[in-house]
Amino acid sequence: MSIALSLPLSATTATGAATLAATAADGRFGHGPGWWFFLMPLLWILLIGLFITAARRMGWRRQLREGRLDAESVLRERYARGEVDETEYRQRLEVLRGDQRR
Numbered sequence: 012m013s014i015a016l017s018l019p020l021s022a023t024t025a026t027g028a029a030t031l032a033a034t035a036a037d038g039r040f041g042h043g044p045g046w047w048f049f050l051m052p053l054l055w056i057l058l059i060g061l062f063i064t065a066a067r068r069m070g071w072r073r074q075l076r077e078g079r080l081d082a083e084s085v086l087r088e089r090y091a092r093g094e095v096d097e098t099e100y101r102q103r104l105e106v107l108r109g110d111q112r113r
């Protein structure tokens with residue numbers, strides 16, 4: 012190591028260039044990117060697919076939840092107008108809220 016440190020900068024650069032040229036002539040750099048080249052696009056496709064799937068599932072659950080809340084609001088309006096009595100209101104409300112617990 013002390014020998015490499017004592018060499019001038021131009022000699023070290025020349026040695027590095029010679030090593031790089033020998034490695035290239037050896038064939039290590041001449042075969043293309045290799046199998047890992049296809050790994051990164053596949054990783055990105057997988058990551059984007061998981062993101063889209065998660066977003067759709069959250070949207071689907073939100074729609075279900077909003078649908079139940081809409082049903083409860085309709086039931087409240089019908090009870091307020093007098094279309095259903097208190098016992099029927101409570102029974103239907105239990106049915107609607109029982110579906111949420113599943």
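Heads up: take any position in the sequence shown, counting from 1, add 11, and you land on this note's numbering.
Cβ coordinates follow ideal geometry from the N, Cα and C atoms, glycine included.
These numbers come from a predicted model, not from an experiment.
Rounded to whole angstroms, what is the Cα-Cα separation between residue i and residue j?
{"i": "Leu86", "j": "Ile59", "result": "41 Å"}
{"i": "Met12", "j": "Ala65", "result": "In this prediction, Met12 has a pLDDT of 49, which is less than 50 and means its spatial position is unreliable; what the coordinates show is noted afterwards. Cα-Cα distance, rounded: 55 Å."}
{"i": "Ile139", "j": "Gln102", "result": "The requested residue 139 does not occur in the structure, where the chain is confined to residues 12 to 113."}
{"i": "Asp81", "j": "Trp47", "result": "51 Å"}
{"i": "Asp96", "j": "Leu107", "result": "16 Å"}
{"i": "Ile56", "j": "Arg92", "result": "54 Å"}
Can you tell me whether DSSP reads residue i as helix, strand or coil?
{"i": "Gly93", "result": "coil"}
{"i": "Gly109", "result": "helix"}
{"i": "Gly60", "result": "helix"}
{"i": "Gly70", "result": "helix"}
{"i": "Pro52", "result": "helix"}
Should residue i go down as buried or exposed, given a rule of 16 or more other Cβ atoms within 10 Å for buried?
{"i": "Gly109", "result": "exposed"}
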